[in-house]
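Trainee:
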Amino acid sequence: MTKVQPLIERFVDQDVYIHLETTNGAYASHFGEKPFSAGAYIRNGKIKYSRGKITGEGPYRVGLKMEFGWIYAEGITHWELDAKNRLLMAGHDKDGKLAVALQISETPFE
Amino acid sequence: MEKQVLVIFPHPDDEAFGVSGSIAKYIDEGTPVTYMCLTLGEMGRNMGNPPFATRETLPEIRKQELQEASKVLGIQDLRMMGLRDKTIEFEDPEMLADLFTDAINELDPSLIITFYPGYSVHPDHDACGAAVIKAVQNMPKAKRPKVECVAFSHNCEEELGRPDVIRDVSDFMDQKLNTLEAHKSQTAGLMEGMKKRLQANEEELMNWIKFERFWTYPFNER
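Here it is, written out as structure tokens:
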């Protein structure tokens, strides 16, 4: 958390590209683990945030405050700053299944 | 014997489960097989514990696995179409059908294998199958290739009846298992359990591996 906070702040007040997704899987209904499949996905949303914070006891929550609103993700367990200087954060359940991802980049994701 | 087989699925590993035995069998008989794979499975959820990939490295891993699986099966013509996982149903159906029409015109397949629209659980599967059917339906009746569909929704047998094509692929069981294994980012967990069941010679599983089931799509006259 103490390592991620300055990385989130690195992108403050500049145009960045956001990848945000959450899902319980397209097969959730088929295999009956959940009453229905749900998920949401934004790739390369162009935003600017004035403040960003990571908090919680782990899994963590990350919130980004924009001029007119908010973006947040809950359940973050893993992160890395990759070779392209993109902050990749994700939340995986105990089986390793991805449940949520929040990524911030100065350049569009491919 | 088929002249040319065209397999069209949206995700790397879709070919492995119910179709890889048929692919291996056709290639063994000398029939060329083209595999059009629409996406690189960018939205796969099984990321491992600890995770072996990020959202950005997963497509590259799955691309390599797809190439490896194609090598196992002997597919000479693998076409990765560059669409994105979980977006197929939102694409323009005309654009998708045109993509398939172009391939059909080029390859002149005698058999196409895809998903049965409406009976294939994943929205990408259904949308892919629907666009293939649309492309073939648009052709003059005499020129249409056969289309064999994979279906696995809970209601498929109830509504479609029993599959009319049951292909014995028992001679290609090893290739099929190796194909499944090649997609390890998706199938590693599954394979572990499966190997144990195979050692126990579990009948239902053996049956699933040795026989592949398809529904021939009933096109409207025109």
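If you read the protein sequences in the order shown, they are chains R and L. Take the first sequence: its letter number 6 is residue 3 in the working numbering, and every next letter is one higher. Just so we're on the same page, the working numbering is the position in the second sequence counted from 1, plus 2. Glycine included, each C-beta is placed from N, C-alpha and C at the ideal position.
#1: Evaluate residue 94 of chain L with the Cβ neighbour count: other Cβ atoms within 10 Å of its Cβ, from every protein chain shown; 16 or more gives buried, anything less gives exposed.
#2: What residue range is occupied by the uninterrupted alpha helix (DSSP H) comprising residue 189 of chain L?
#3: Going straight from the alpha carbon of residue 123 of chain L to that of residue 43 of chain L, what length do you get?
#4: Here's the rule: buried if 16 or more other CB atoms are within 10 angstroms of the residue's CB, otherwise exposed. What is residue 203 of chain L?
#5: Under 8 Å, do residue 1 of chain L and residue 71 of chain L count as touching if we go by C-beta distance?
#6: Counting Cβ pairs closer than 8 Å, one from the segment 167 to 177 of chain L and one from the segment 85 to 101 of chain R, do we hit at least three?
#7: Are three or more beta carbon pairs between the segment 214 to 221 of chain L and the segment 187 to 195 of chain L nearer than 8 Å?
#8: Please report the Cβ distance between residue 90 of chain L and residue 26 of chain L, rounded to the nearest whole angstrom; I am assuming they are in contact, meaning their Cβ atoms lie under 8 Å.
#9: Just to confirm before moving on: does the CB-CB distance between residue 13 of chain R and residue 44 of chain R stay below 8 Å?
#10: Can you list, in chain order, the residues of the segment 48 to 66 of chain L whose Cβ is nearer than 7 Å to any Cβ on chain R?
#11: Quick check: does the Cβ of residue 187 of chain L come within less than 7 Å of any heavy atom belonging to the ligand NAD?
#12: Taking only beta-carbon positions, decide if residue 106 of chain R is within less than 8 Å of chain L.
#13: Since residue 57 of chain L contacts residue 16 of chain R with CB under 8 Å, what's their CB separation in whole angstroms?
#14: Considering only residues of the same chain and omitting the five flanking positions on each side of residue 79 of chain L, which have a CB-CB separation below 6 Å?
#15: On a CA-only basis, which of R:58, R:91, R:106 is nearest residue 67 of chain R? Give me that one, please.
#16: With a cut-off of 8 Å, does the C-beta of residue 88 of chain R fall near any C-beta of chain L?
#17: I want to see whether chain L comes within less than 8 Å of residue 103 of chain R, judged by CB atoms only; does it?
#18: For residue 35 of chain R, return the contacting residues in chain L, with the cut-off set at a CB-CB distance below 8 Å.
#19: Whose Cβ in chain L lies nearer than 9 Å to the Cβ of residue 79 of chain R?
#20: Grab the span of the beta strand (DSSP E) containing residue 150 of chain L for me, first residue to last.
#21: Along the beta strand (DSSP E) that carries residue 38 of chain R, what are the first and last residues, could you check?
#22: Using alpha carbons as the reference points, say which of L:50, L:198, L:152 lies closest to residue 22 of chain L.
#23: In chain L, what lies closer than 8 Å to residue 94 of chain R by C-beta?
#24: Given that residue 20 of chain R touches chain L, what residues does it touch there, using C-beta distances under 8 Å?
Mentor: Put simply:
#1: exposed
#2: 186 to 201
#3: 16 Å
#4: exposed
#5: No answer is possible for residue 1 of chain L: it lies beyond the span of chain L, which begins at 3 and ends at 224.
#6: no
#7: no
#8: So it is not a contact: roughly 26 Å between Cβ atoms.
#9: Going by C-beta atoms, residue 13 of chain R is nearer than 8 Å to residue 44 of chain R.
#10: Of all residues in the segment 48 to 66 of chain L, 48, 49, 50, 51, 53, 56, 57, 58 have a Cβ within less than 7 Å of some Cβ in chain R.
#11: With respect to the ligand NAD, the structure offers nothing, as it holds no ligand at all.
#12: Chain L contact via Cβ: present.
#13: Rounded, the Cβ-Cβ distance is 7 Å, consistent with contact.
#14: 36
#15: Ranking the options by Cα distance to residue 67 of chain R, first place goes to R:58.
#16: no
#17: It does not; no Cβ of chain L falls within 8 Å.
#18: The premise fails here: residue 35 of chain R is roughly 13 Å from chain L at the closest Cβ pair, so nothing lies under 8 Å.
#19: At a beta-carbon threshold of 9 Å, the residues of chain L lying near residue 79 of chain R are 56, 58, 59, ordered along the chain.
#20: 148 to 152
#21: 36 to 44
#22: L:152
#23: Contacts between residue 94 of chain R and chain L, judged by CB atoms closer than 8 Å, involve 47, 48, 49 in chain order.
#24: Within chain L, the residues near residue 20 of chain R are 45, 47.
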